[in-house]
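Residue numbers (my numbering): 901 to 1261.
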């Protein structure tokens, strides 16, 4: 073999961590907070931080920026300009609140042939992480994990880029632009860390690295890297798909449809309840009119005049409200019966599919 590949990837553009949702998405992937056929927590090794990545990032924010926040707030004369929570403020600003780096040595072909060497990468990635922290102290690492459950072992590092010397706003701020510079990419990621890996790879796994090709830059976007990894996973899935139980997938999909129907039925019931409130208003109006009764005769009215001008219009009004109530009641009753049937059917379908899925696991 001509030598193993080395690659380092930095989050940018579509893969930029510029919101809490993006950060949570990274946490779910890196720490496998989801159900997967390939999931095995033994193959996820945490080198730095905890299994709560978002909290790890918040901790770095607190340690790095609390003092700067206090100094900034002291200078503000208006409360609305003070910063309550710098993490939350950054999350809403659409700027990079953290960055993700991915390091990998070797491709699928090598690791398929040498599975016994995979776990030796624990030590390799620890050393590379220590060197990253030494060479780029302003890139404060919040969390680092190694994945062994994919084609090639690789390390995900989530860090907060911390920069000083700002004249506007806080003196110390998050700044990917100031920390993850072209010099950082070339001299640290593709320079000293790569050179270190070249000198240590034979000790780690008994193989040398390929020499870096002139003019070639392996600092691909994390998005590109993940697309590449997804393609590898797809190829692997194609080979395994014949062994999958299609019935489980089918029933799972049916259960999702049943859950959706149940959700929609509950929504219809809620809407029907809202409509029924109009009937209740009519009933209250009817009760109030009956309790109040017709107006008293005005002056010296004859019985006939009183009946025609006051009593009959009063009764006509009651009759009109009564008809509305009856119409609403009939409509609600019919809709209630229909919705009850739909709810019972949706619940039955959901329970049946849940039982089937359980037996197929």
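Built from N, CA and C at the ideal position, the CB exists for glycine as well.
Values in this document were obtained by computation on a predicted structure and should not be read as measured data.
From the DSSP output, which residues share a beta bridge with residue i?
i: residue 1055; result: 1003, 1046
i: residue 909; result: 1002
i: residue 1080; result: The partner list for residue 1080 (beta bridge, DSSP) is empty, contrary to what the question assumes.
i: residue 1037; result: DSSP, once it has assigned bridges, lists no residue as partnering residue 1037.
i: residue 1061; result: 1039
i: residue 917; result: 998
i: residue 945; result: 1046
i: residue 1073; result: 1063
When you compare only the Cα positions, how much space is there between residue i and residue j?
i: residue 943; j: residue 1025; result: 14 Å
i: residue 1034; j: residue 1091; result: 14 Å
i: residue 1088; j: residue 973; result: 35 Å
i: residue 1067; j: residue 969; result: 14 Å
i: residue 905; j: residue 971; result: 47 Å
i: residue 1213; j: residue 1242; result: 43 Å
i: residue 950; j: residue 1245; result: 45 Å
i: residue 1057; j: residue 1252; result: 44 Å
i: residue 1077; j: residue 1085; result: 12 Å
i: residue 952; j: residue 1105; result: 31 Å
i: residue 1020; j: residue 1110; result: 19 Å
i: residue 842; j: residue 929; result: Since the displayed the chain opens at 901 and closes at 1261, residue 842 lies outside it and no answer follows.
i: residue 931; j: residue 1224; result: 59 Å
i: residue 920; j: residue 1247; result: 35 Å
i: residue 959; j: residue 987; result: 10 Å
i: residue 1048; j: residue 981; result: 47 Å
i: residue 1207; j: residue 1216; result: 12 Å
i: residue 922; j: residue 985; result: 19 Å
i: residue 1262; j: residue 1022; result: With the chain represented from 901 up to 1261, any question about residue 1262 goes unanswered, as that position is not in the structure.
i: residue 1227; j: residue 1238; result: 17 Å
i: residue 1164; j: residue 990; result: 37 Å
i: residue 979; j: residue 1099; result: 55 Å
i: residue 1209; j: residue 1203; result: 10 Å
i: residue 924; j: residue 1103; result: 36 Å
i: residue 860; j: residue 1157; result: Any answer about residue 860 is impossible in this case: the structure gives the chain only from 901 up to 1261.
i: residue 912; j: residue 1160; result: 36 Å
i: residue 992; j: residue 983; result: 13 Å
i: residue 961; j: residue 1027; result: 25 Å
Which term fits residue i, buried or exposed, when burial requires 16 or more other beta carbons within 10 angstroms of its beta carbon?
i: residue 975; result: exposed
i: residue 902; result: exposed
i: residue 1219; result: exposed
i: residue 1000; result: buried
i: residue 1200; result: exposed
i: residue 1116; result: In this prediction, residue 1116 has a pLDDT of 49, which is less than 50 and means its spatial position is unreliable; what the coordinates show is noted afterwards. It is exposed - the Cβ of residue 1116 has fewer than 16 other Cβ atoms within 10 Å.
i: residue 977; result: exposed
i: residue 1101; result: buried
Less than 9 Å between the C-beta atoms of residue i and residue j, yes or no?
i: residue 1042; j: residue 956; result: yes
i: residue 1330; j: residue 927; result: Not covered by the structure: residue 1330. The range shown for the chain is 901 to 1261.
i: residue 1046; j: residue 945; result: yes
i: residue 852; j: residue 1112; result: Not covered by the structure: residue 852. The range shown for the chain is 901 to 1261.
i: residue 1079; j: residue 1036; result: yes
i: residue 1039; j: residue 1032; result: yes
i: residue 1029; j: residue 947; result: yes
Does any heavy atom of the ligand PLP sit closer than 8 Å to the C-beta of residue i?
i: residue 956; result: What this structure holds is no ligand at all, so the ligand PLP is not there to describe.
Would you verify that the beta carbon of residue i is, or is not, closer than 9 Å to some beta carbon of chain B?
i: residue 905; result: Here there is only one protein chain, and chain B is not present.
Do the segment 1069 to 1078 and the segment 1012 to 1028 meet, that is, are 3 or more Cβ pairs less than 8 Å apart? no
Can at least three beta-carbon pairs, one atom from the segment 1059 to 1067 and one from the segment 958 to 968, be found at a separation below 8 Å? Of all C-beta pairs linking the segment 1059 to 1067 to the segment 958 to 968, three or more are shorter than 8 Å, placing the two stretches in contact.
So does the segment 995 to 1008 actually touch the segment 906 to 916, counting three or more Cβ pairs closer than 8 Å? yes
Are there three or more Cβ pairs, one per stretch, closer than 8 Å when the segment 1004 to 1011 is compared with the segment 1049 to 1060? yes
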